[in-house]
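Comments concern the structure below.
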Amino acid sequence: MAPTPNPADDAEQLMMGAVPGVAALGRGPVPDGDHSRHEYHHPAAGWGAARSVGKVLLRSPEPVEGIRAILNMNQEDGGFDCPGCAWPDDPTGLRLDICENGVKHVTWEMAPAHADREFFAAHPVAELAGWTDHDLEAVGRLAEPMSYDPDTDHYVPISWDDAYAMVGQALRGLASPDEAAFYTSGRLSNEATFLYQLWVREFGTNNLPDCSNMCHEASGRALTAAIGSGKGTTDLEDWELADAIWLMGDNAATNAPRMLTWLAEADRRGAALVHINPLIEAASRRTIVPHEFADMATFRTTRTGTMNVQVRIGGDLALMRGVGKALLEAAETDPAALDREFIEQHTNGFDAYRAAVTATSWDDIVRGAGIAEADIRRLAGSYLRSQRLIIAWCLGLTQHEHGVDTVREIMNVLLLRGSIGREGAGPAPVRGHSNVQGNRTCGIDHRPTPAFLDRLAQVCGIDPPREHGLGTVAAIEAMQRRDVKVFVALGGNFALAAPDLPRTFEALRNCDLTVQVSTKLNRSHVVHGRRALILPCLGRSERDRQAGGEQGVTVEDSMAMVHISYGMKDPASPQLRSECAILGGLARATLPDSGTPWQAYVDDYDRIRDVMARVLDGFDDFNAKARRPHGFRLPQPARERVWLTPSGRAEFWAGPLPDDVDPGQGRLMLTTVRSHDQFNTTIYSNDDRYRGLTGLRTVIFMNAGDMRERGLSEFDLIDVTSFSRDGTRRTVYGYRAVAYDIPRGNAAGYMPELNVLCGLADVSSQSEQPVTKHLVVEVTPQPSGRS
Ligand SMILES: Nc1nc2c(c(=O)[nH]1)N[C@H]1C(S)=C(S)[C@@H](COP(=O)(O)OP(=O)(O)OC[C@H]3O[C@@H](n4cnc5c(=O)[nH]c(N)nc54)[C@H](O)[C@@H]3O)O[C@H]1N2
Ligand SMILES: Nc1nc2c(c(=O)[nH]1)N[C@H]1C(S)=C(S)[C@@H](COP(=O)(O)OP(=O)(O)OC[C@H]3O[C@@H](n4cnc5c(=O)[nH]c(N)nc54)[C@H](O)[C@@H]3O)O[C@H]1N2
Ligand SMILES: [Mo]
Numbered sequence: 001m002a003p004t005p006n007p008a009d010d011a012e013q014l015m016m017g018a019v020p021g022v023a024a025l026g027r028g029p030v031p032d033g034d035h036s037r038h039e040y041h042h043p044a045a046g047w048g049a050a051r052s053v054g055k056v057l058l059r060s061p062e063p064v065e066g067i068r069a070i071l072n073m074n075q076e077d078g079g080f081d082c083p084g085c086a087w088p089d090d091p092t093g094l095r096l097d098i099c100e101n102g103v104k105h106v107t108w109e110m111a112p113a114h115a116d117r118e119f120f121a122a123h124p125v126a127e128l129a130g131w132t133d134h135d136l137e138a139v140g141r142l143a144e145p146m147s148y149d150p151d152t153d154h155y156v157p158i159s160w161d162d163a164y165a166m167v168g169q170a171l172r173g174l175a176s177p178d179e180a181a182f183y184t185s186g187r188l189s190n191e192a193t194f195l196y197q198l199w200v201r202e203f204g205t206n207n208l209p210d211c212s213n214m215c216h217e218a219s220g221r222a223l224t225a226a227i228g229s230g231k232g233t234t235d236l237e238d239w240e241l242a243d244a245i246w247l248m249g250d251n252a253a254t255n256a257p258r259m260l261t262w263l264a265e266a267d268r269r270g271a272a273l274v275h276i277n278p279l280i281e282a283a284s285r286r287t288i289v290p291h292e293f294a295d296m297a298t299f300r301t302t303r304t305g306t307m308n309v310q311v312r313i314g315g316d317l318a319l320m321r322g323v324g325k326a327l328l329e330a331a332e333t334d335p336a337a338l339d340r341e342f343i344e345q346h347t348n349g350f351d352a353y354r355a356a357v358t359a360t361s362w363d364d365i366v367r368g369a370g371i372a373e374a375d376i377r378r379l380a381g382s383y384l385r386s387q388r389l390i391i392a393w394c395l396g397l398t399q400h401e402h403g404v405d406t407v408r409e410i411m412n413v414l415l416l417r418g419s420i421g422r423e424g425a426g427p428a429p430v431r432g433h434s435n436v437q438g439n440r441t442c443g444i445d446h447r448p449t450p451a452f453l454d455r456l457a458q459v460c461g462i463d464p465p466r467e468h469g470l471g472t473v474a475a476i477e478a479m480q481r482r483d484v485k486v487f488v489a490l491g492g493n494f495a496l497a498a499p500d501l502p503r504t505f506e507a508l509r510n511c512d513l514t515v516q517v518s519t520k521l522n523r524s525h526v527v528h529g530r531r532a533l534i535l536p537c538l539g540r541s542e543r544d545r546q547a548g549g550e551q552g553v554t555v556e557d558s559m560a561m562v563h564i565s566y567g568m569k570d571p572a573s574p575q576l577r578s579e580c581a582i583l584g585g586l587a588r589a590t591l592p593d594s595g596t597p598w599q600a601y602v603d604d605y606d607r608i609r610d611v612m613a614r615v616l617d618g619f620d621d622f623n624a625k626a627r628r629p630h631g632f633r634l635p636q637p638a639r640e641r642v643w644l645t646p647s648g649r650a651e652f653w654a655g656p657l658p659d660d661v662d663p664g665q666g667r668l669m670l671t672t673v674r675s676h677d678q679f680n681t682t683i684y685s686n687d688d689r690y691r692g693l694t695g696l697r698t699v700i701f702m703n704a705g706d707m708r709e710r711g712l713s714e715f716d717l718i719d720v721t722s723f724s725r726d727g728t729r730r731t732v733y734g735y736r737a738v739a740y741d742i743p744r745g746n747a748a749g750y751m752p753e754l755n756v757l758c759g760l761a762d763v764s765s766q767s768e769q770p771v772t773k774h775l776v777v778e779v780t781p782q783p784s785g786r787s
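When the letters of the sequence shown are read in order and numbered with UniProt numbering, they come out as residues 1 to 787.
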């Protein structure tokens with residue numbers, strides 16, 4: 001008998017674009033067929049953003065609470081930290097520290113708890129699996145713990161104690177602790193992070209994959225090798241003093257909008273603002289600074305970019321090599337071109353670097369970067385005229401095979417002129433999730449250092465495992481092989497954020513138990529193991545009451561400032577528990593003989609902070625310092641020109657230029673990006689305002705010449721096939737071509753939809769990151785696909 005077709009499977013196939021001849025569905029709201037594109041000429045932020053905020057607040061189920069909460073966001077006196085991006089708060093308090101996307105984010109979190117037992121009783125999981133990801137999250141907040149019942153295919157209520165017991169029993173029943181993996185998304189507070197890794201390591205594994213493995217892992221590894229610590233060195237005072245800012249591979253107007261204010265102020269004092277990006281993004285043009293009400297009233301715009309360098313995808317390493325080459329050439333006649341004293345006193349490996357640069361021809365540089373020699377020299381000239389250069393970067397640089405090398409080459413360029421450990425200068429990786437940097441600081445790392453483990457052992461009296469654990473991609477492979485049988489996720493949406501969705505789905509379904517600690521319903525709840533738990537937690541905007549009174553938690557921003565954050569709003573449901581409380585419950589159920597005072601930690605987070613102060617560098621007097629207005633800055637030795645590298649010096653890197661920017665005859669290099677209306681896998685709408693697109697996410701932005709070559713007109717249906725390193729191919733059917741200002745041979749489209757095209761083999765050997773900004777594809781018109 002033929003199996004009965006499952007409509008949800010069909011819908012999932014359509015979301016993936018897996019059905020030949022049919023338009024792909026995507027993961028936003030179901031498209032109504034009405035889509036359009038125009039050139040966006042307006043300034044970023046300003047009234048467009050204000051209008052959008054107004055719309056979001058009106059749609060919000062709790063408009064008054066919404067406005068009140070937003071005004072309390074990022075404020076020093078008892079407010080909470082914006083759960084959006086990791087851009088720091090303004091320490092002077094002079095600037096209105098909210099942005100359009102932060103507002104969207106908080107109001108989205110403040111939804112009523114409609115994902116409750118009645119909801120799950122009405123909708124079997126097979127049906128929910130057919131909903132788009134937008135529709136799943138739009139149900140509202142999760143209300144109470146739920147457990148998957150395979151007999152009825154429904155999630156059914158379970159008590160917190162039974163849920164903890166189920167996890168404890170499953171973990172204790174494993175042949176080895178390494179048969180479990182524990183994922184983190186970058187929302188988790190420092191306190192919850194510390195408890196999480198303590199539980200996992202006391203249990204006995206370092207299998208702690210996290211979203212960093214897909215995000216800034218390359219930055220951390222490169223910075224550690226170059227300057228001895230995995231973080232940037234600049235703070236906002238430096239951003240106020242810089243006379244040149246280069247922004248590489250970052251869509252700031254969308255993903256770190258509060259940066260626009262700092263760019264506008266830099267322009268007013270005459271700084272050079274260079275945007276290095278294959279796409280001309282909104283931040284490279286003008287903004288209306290939202291906290292300057294006179295500007296808002298008079299529509300006065302300020303420039304946020306003075307130069308665009310439209311590098312080809314993956315060409316940043318070559319571009320930086322070119323800048324270095326121009327500087328070294330200039331130094332032959334101009335002694336001030338290099339900071340020789342700094343190079344001599346503070347660095348190692350300069351001669352090898354110079355030799356590597358000499359060995360790289362201008363031809364190779366120009367081909368690799370896709371930028372003319374004269375323009376590269378112009379960029380270097382601008383650096384020579386400046387005294388204080390900040391180079392900031394985000395995912396455009398990291399999600400490549402050579403992400404680590406690229407960040408090393410940025411460091412080379414900074415080291416040449418001593419642009420580090422000096423006011424107004426230095427490297428500035430722009431982090432993603434609001435506490436992703438804090439997660440690493442507080443112990444989420446599948447490759448922990450022996451020094452950290454020693455301290456943990458000594459202070460907490462546990463015997464942590466020493467072998468490295470599994471990162472994200474390795475964890476997927478292990479689940480597929482059934483080497484890992486229990487998967488626990490503290491936040492995030494692993495099913496959708498990871499590469500190669502069909503294999504990731506299979507991996508999760510292979511597990512005996514999947515546990516998701518979440519705020520909202522998402523794909524990772526409907527793609528689950530044989531048994532599955534949904535454990536709903538408080539969001540950052542909500543009050544956290546424990547036995548010891550109301551609790552605050554700390555986070556660390558992109559610039560290593562740590563501060564405390566208090567929720568302001570009553571929890572969406574009385575059944576919700578804090579992440580710390582859930583972790584305490586899970587730990588006690590897993591480790592009945594544990595000597596760790598789990599309950600005492602949960603009762604009063606000051607006790608967690610006290611023990612963190614003894615384990616982590618720079619956290620001494622943590623409880624007092626966290627409560628200072630704006631908190632405290634973690635020490636960054638490289639900022640003081642103290643280099644914690646094995647040589648005790650900052651290290652130049654002298655590798656060769658890779659030859660991997662050319663996708664090959666007839667193929668394109670595809671990069672995956674976020675739209676203006678999404679937060680990672682959370683999709684608010686099908687629009688992307690700054691790119692002028694409305695109504696559709698299943699698009700590929702292409703150069704008009706590449707479209708002509710393929711006989712394509714705007715919005716024609718196309719199929720996109722990727723070529724994985726392991727020789728396999730993957731296709732999404734029924735996307736649409738959109739002409740865009742992007743270099744020939746390059747293309748862009750949206751994550752998470754296009755994660756289908758990234759194979760598990762397509763992972764950087766330097767960083768273990770999936771190379772989701774470096775996919776080799778072929779775009780073909782869909783047979784009879786004219787629309
Ligand atoms: N509103 C909102 N804010 C967010 C997020 C969100 O989804 N929504 N996500 C958060 C997270 S977790 C992160 S990590 C950050 C992500 O912030 P971004 O890194 O800005 O995110 P992406 O959309 O991936 O954009 C990458 C940028 O790099 C460019 N790019 C792509 N390939 C290349 C390349 O080869 N070279 C160069 N030079 N540029 C390239 C793209 O054109 C794009 O401008 O934002 C955080 N903030
Ligand atoms: N192709 C491609 N893939 C990518 C990327 C890319 O650029 N291209 N970017 C990568 C990057 S940079 C990242 S960071 C990952 C993102 O990967 P993740 O961090 O795994 O995904 P998110 O979409 O941020 O997770 C959203 C879910 O988090 C839960 N959540 C929200 N707030 C909270 C909270 O306070 N506590 C808890 N416990 N749960 C909460 C909600 O249930 C929500 O559905 O994706 C990666 N994947
Ligand atoms: Mo990220």
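Glycine is no exception: its CB is placed at the ideal position from the N, C-alpha and C atoms.
In this text, all values refer to a predicted model and were calculated from it rather than measured experimentally.
Rounded separation between residue i and residue j - CA only
{"i": "residue 308", "j": "residue 376", "result": "11 angstroms"}
{"i": "residue 1", "j": "residue 10", "result": "For residue 1, the predicted structure reports a pLDDT of 42, less than 50, and the residue's modelled location is therefore unreliable. The matter cannot be settled from this model."}
{"i": "residue 616", "j": "residue 542", "result": "27 angstroms"}
{"i": "residue 598", "j": "residue 585", "result": "8 angstroms"}
{"i": "residue 350", "j": "residue 171", "result": "51 angstroms"}
{"i": "residue 15", "j": "residue 30", "result": "10 angstroms"}
{"i": "residue 312", "j": "residue 369", "result": "6 angstroms"}
{"i": "residue 48", "j": "residue 252", "result": "16 angstroms"}
{"i": "residue 401", "j": "residue 230", "result": "19 angstroms"}
{"i": "residue 234", "j": "residue 515", "result": "38 angstroms"}
{"i": "residue 254", "j": "residue 675", "result": "8 angstroms"}
{"i": "residue 748", "j": "residue 457", "result": "47 angstroms"}
{"i": "residue 573", "j": "residue 708", "result": "55 angstroms"}
{"i": "residue 379", "j": "residue 654", "result": "21 angstroms"}
{"i": "residue 272", "j": "residue 280", "result": "17 angstroms"}
Supposed contact pair residue j and residue i - C-beta distance, whole angstroms, cut 8 angstroms
{"i": "residue 221", "j": "residue 765", "result": "Going by Cβ atoms, the distance from residue 221 to residue 765 rounds to 12 angstroms, so no, they are not a contact pair."}
{"i": "residue 257", "j": "residue 100", "result": "6 angstroms"}
{"i": "residue 738", "j": "residue 701", "result": "5 angstroms"}
{"i": "residue 697", "j": "residue 28", "result": "5 angstroms"}
Secondary structure of residue i, DSSP reduced to three states
{"i": "residue 772", "result": "coil"}
{"i": "residue 616", "result": "coil"}
{"i": "residue 45", "result": "strand"}
{"i": "residue 800", "result": "With the chain running from 1 to 787 in the structure shown, residue 800 is simply not present."}
{"i": "residue 368", "result": "helix"}
{"i": "residue 13", "result": "helix"}
{"i": "residue 429", "result": "strand"}
{"i": "residue 642", "result": "coil"}
{"i": "residue 304", "result": "coil"}
{"i": "residue 393", "result": "strand"}
{"i": "residue 786", "result": "At residue 786, the pLDDT of 48 sits below 50, so the modelled position is not reliable; the number obtained from the coordinates is stated separately. Correct three-state label for residue 786: coil."}
{"i": "residue 767", "result": "coil"}
Pair within 8 angstroms by beta-carbon distance, residue i and residue j
{"i": "residue 602", "j": "residue 546", "result": "yes"}
{"i": "residue 580", "j": "residue 198", "result": "no"}
{"i": "residue 287", "j": "residue 86", "result": "no"}
{"i": "residue 391", "j": "residue 414", "result": "yes"}
{"i": "residue 211", "j": "residue 499", "result": "no"}
{"i": "residue 446", "j": "residue 208", "result": "yes"}
{"i": "residue 412", "j": "residue 324", "result": "yes"}
Quiz: which residues have CB nearer than 5 angstroms to ligand 3 non-hydrogen atoms
215 and 432
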